[in-house]
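Data first, discussion second: the structure below is written as C-alpha cells.
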Amino acid sequence: MIPTLILFGLVFGRWWRLSLIAAALGWPVLLAADDVMSVGPGLLGASGLAIANAGVGVLIHQGILRMMRVLRTEQDR
Numbered sequence: 014m015i016p017t018l019i020l021f022g023l024v025f026g027r028w029w030r031l032s033l034i035a036a037a038l039g040w041p042v043l044l045a046a047d048d049v050m051s052v053g054p055g056l057l058g059a060s061g062l063a064i065a066n067a068g069v070g071v072l073i074h075q076g077i078l079r080m081m082r083v084l085r086t087e088q089d090r
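With the working numbering applied, the sequence shown corresponds to residues 14 to 90, in that order.
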C-alpha cells in the first residue's frame, strides 16, 4: 500500500495539508474497517507511516510545481 499512498500524495500534492490529514485519518480507518488491525496504539504508528508515505508524494509534487514556476519565470524574461 505504500505506492498507493505515494500516488495519493502525488495526485493531491497541491492541497498538501488536506492530503496529509486525509492520509493520517483515512489509512488507519481503512485498516480497522478491513480488520487488518484492531483499534489500538498500533493504528497511531500506521497513521505516522501514512503521513510519511503520502508526504513523499507531496514533496515530489511540490518540487515539480516549483520547477515549473522557475522555468515559466525564466521563459517570461
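Every residue, glycine too, gets a C-beta built ideally from N, C-alpha and C.
Checklist line | Distance between beta carbons of Arg27 and His74, contact taken as under 8 Å | finding: Mapped onto the sequence shown, residue 74 falls at position 61. Mapped onto the sequence shown, residue 27 falls at position 14. The pair is a contact, with the Cβ atoms about 7 Å apart (cut-off 8 Å).
Item checked: 8 Å Cβ shell around Ile64 - same chain, five flanking residues per side excluded -> Taking the sequence shown and counting its residues from 1, one reaches residue 64 at position 51. Around Ile64: Leu33, Ala36 and Ala37.
Note to self: Quick check: what's the CA-CA separation for Phe25 versus Arg79?
What the structure shows: Within the sequence shown, numbered from 1, the residue matching residue 25 stands at position 12. Within the sequence shown, numbered from 1, the residue matching residue 79 stands at position 66. Cα to Cα, Phe25 sits roughly 15 Å from Arg79.
Notebook entry, point to check: Can you give the Cα-Cα distance for Gly22 and Ala45, rounded to whole angstroms?
Noted result: Looking up residue 22 in the sequence shown gives position 9. Looking up residue 45 in the sequence shown gives position 32. Cα to Cα, Gly22 sits roughly 21 Å from Ala45.
Item checked: 8 Å Cβ shell around Gly39 - same chain, five flanking residues per side excluded -> Locating residue 39 in the sequence shown gives position 26, counting from the first residue. Closer than 8 Å at the Cβ level, and outside the excluded window around Gly39, lie Ala63.
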